[in-house]
Amino acid sequence: MARKPRVEYPGAFYHVICRGNQRQVIFRSDGDRKFYLERLEHYRQRFGFTVYAYVLMSNHVHLLVETAKAGLSKIMQGLQLAYTGYFNRKYTKVGHLFQGRYKAILCDRQAYLLELVRYIHLNPGRMRSPIDALQYRWSSHGAYLGQAAEVKIETSVVLGELANSVSQARRAYLRFMAEGKGLGHQPDYYEVWDQRILGDERFVEEIDERIRTERKIAVPGPRSTFANLLHWTAESFGVKEKELVAVGRQRRLIRGRSMLVYLAREWGGLSVKEIARRLHRDPSIISRLYVAYAADRDHKIENLLAKRLEQ
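Residue numbers for the sequence shown follow the numbering used here, so the first one is 10 and each next one is one higher.
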């Protein structure tokens with residue numbers, strides 16, 4: 010299956026998880042951790058992104074970041090290549106250090122910032138051999154208490170939500186952390202929509218609109234009516250038109266339906282509500298189908314459809 014592209018835009022807020030290849034140790038010493046954080050701060054200054062939280066464990070890393078102009082892919086490529094080169098030279102290794110692509114979950118900052126900061130900072134306490142997370146050296150927890158850190162951490166947003174004064178906010182932060190100690194692993198922060206987005210339907214629809222406005226698509230021509238798009242999409246996927254409109258849950262039908270929704274918006278110029286009416290579905294479902302296809306488009310089939318519509 011083709012890899013799904015990242016959903017990237019200025020101001021995007023991500024929970025990033027990087028794991029060692031085959032879960033191998035990626036930090037063998039405090040010097041390794043310091044080098045990683047130095048590189049993180051270097052790229053933060055270079056690309057202007059914001060860091061809200063981090064934790065470095067022996068075989069994985071959690072980051073909570075908000076991008077500026079540079080996309081997350083560019084940031085992580087620089088960071089991981091720099092650290093891999095350092096690690097391989099130091100320990101006379103070759104090949105991959107990290108496990109495939111890092112996991113990046115696009116999150117609704119307003120809804121999840123506080124919870125994700127706590128979740129990341131409490132990570133050491135969820136290990137097989139638990140560590141006191143509030144005493145753990147290699148996280149950004151201390152920055153929220155005013156301690157010096159290797160990386161500039163944006164703490165004012167979280168603290169500002171907890172209390173008006175800094176001293177009161179820090180006490181409230183410690184209470185908030187203590188309340189989360191018994192929560193354990195929280196799969197809701199991983200079992201996200203389309204494996205990439207953490208947010209409610211409103212947030213998904215906002216991402217839908219952003220993708221639509223930022224990606225300028227050439228419309229094939231005046232024959233991009235819904236009827237024509239339905240006919241050619243069904244033919245391309247080897248299904249009947251009525252099957253695309255019906256409730257079928259087969260993978261091929263879902264994929265074809267997602268493409269139809271995308272093309273009806275981009276090529277046909279139809280609104281979400283109009284497509285929902287024609288497919289007898291809730292508008293929120295139409296938005297989800299649009300986002301899913303927009304992030305993993307099949308350009309080969311699109312080109313074939315465009316040629317047919319222009320004939």
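Idealized CB from N, CA, C, for every residue including glycine.
By the CB criterion at 8 Å, G277 and T242 fall outside the cutoff.
Excluding its 5 nearest sequence neighbours in each direction, R317 has C-beta neighbours in its own chain below 8 Å: W241, listed in chain order. DSSP places F185 in the uninterrupted alpha helix (DSSP H) bounded by V175 to E188. Selection P139, E252, V160 and L143 evaluated against V74 yields V160 as nearest (Cα-Cα). Sixteen is the threshold: when 16 or more other Cβ atoms of the shown chains lie within 10 Å of the Cβ of E214, as they do, the residue is buried. In the displayed model, I294 falls within a helix according to three-state DSSP. In the same chain as M136, and ignoring 5 residues on each side of it, the C-beta atoms closer than 8 Å to its own belong to M66, in chain order. When C-alpha distances from S245 are compared across Y61, H308 and V34, the shortest belongs to H308. Of the candidates I140, E188, R146 and G134, R146 places its Cα closest to the Cα of S38.
Between the alpha carbons of F36 and H24 lies a gap of roughly 20 Å.
The beta-carbon distance between L46 and I114, rounded to whole angstroms, is 22 Å. This is too long to meet the 8 Å contact definition. As computed with DSSP, V70 is found in a beta bridge with C27 and L65. Within the same chain, and ignoring the five residues on either side of G247 in sequence, no residue has its Cβ closer than 6 Å to its Cβ.
A Cβ-Cβ contact shorter than 8 Å links I284 with R274. The three-state reading of DSSP puts V256 in coil, since its state is none of H, G, I, E or B. With fewer than 16 other Cβ atoms from the protein chains shown falling within 10 Å of its own Cβ, L90 counts as exposed. With 16 or more other Cβ atoms from the protein chains shown falling within 10 Å of its own Cβ, A178 counts as buried. Ranked by Cα distance from G109, the options Q86, L313 and E124 are led by Q86. In this structure D291 is exposed. Its beta-carbon is surrounded by fewer than 16 other beta-carbon atoms within 10 angstroms. The three-state reading of DSSP puts S267 in helix, counting H, G and I together. Rounded to whole angstroms, the separation of the alpha carbons of L123 and V34 is 29 Å. The C-beta distance from L238 to L288 rounds to 12 Å, too long to fall under 8 Å, and the pair is not in contact.
Bridge pairing for V60: V74 [DSSP]. Looking at the backbone, the Cα of N68 and that of R260 are separated by about 35 Å. Scanning D209, A142 and Y121 for the CA closest to the CA of E170 turns up Y121. In this structure R32 is exposed. Its beta-carbon is surrounded by fewer than 16 other beta-carbon atoms within 10 angstroms. Within the region 85 to 125, the runs of beta strand (DSSP E) that reach at least 3 residues and sit entirely inside it are, in chain order, 112 to 116.
Taking C-beta atoms as the reference points, I216 and V16 count as a pair closer than 8 Å.
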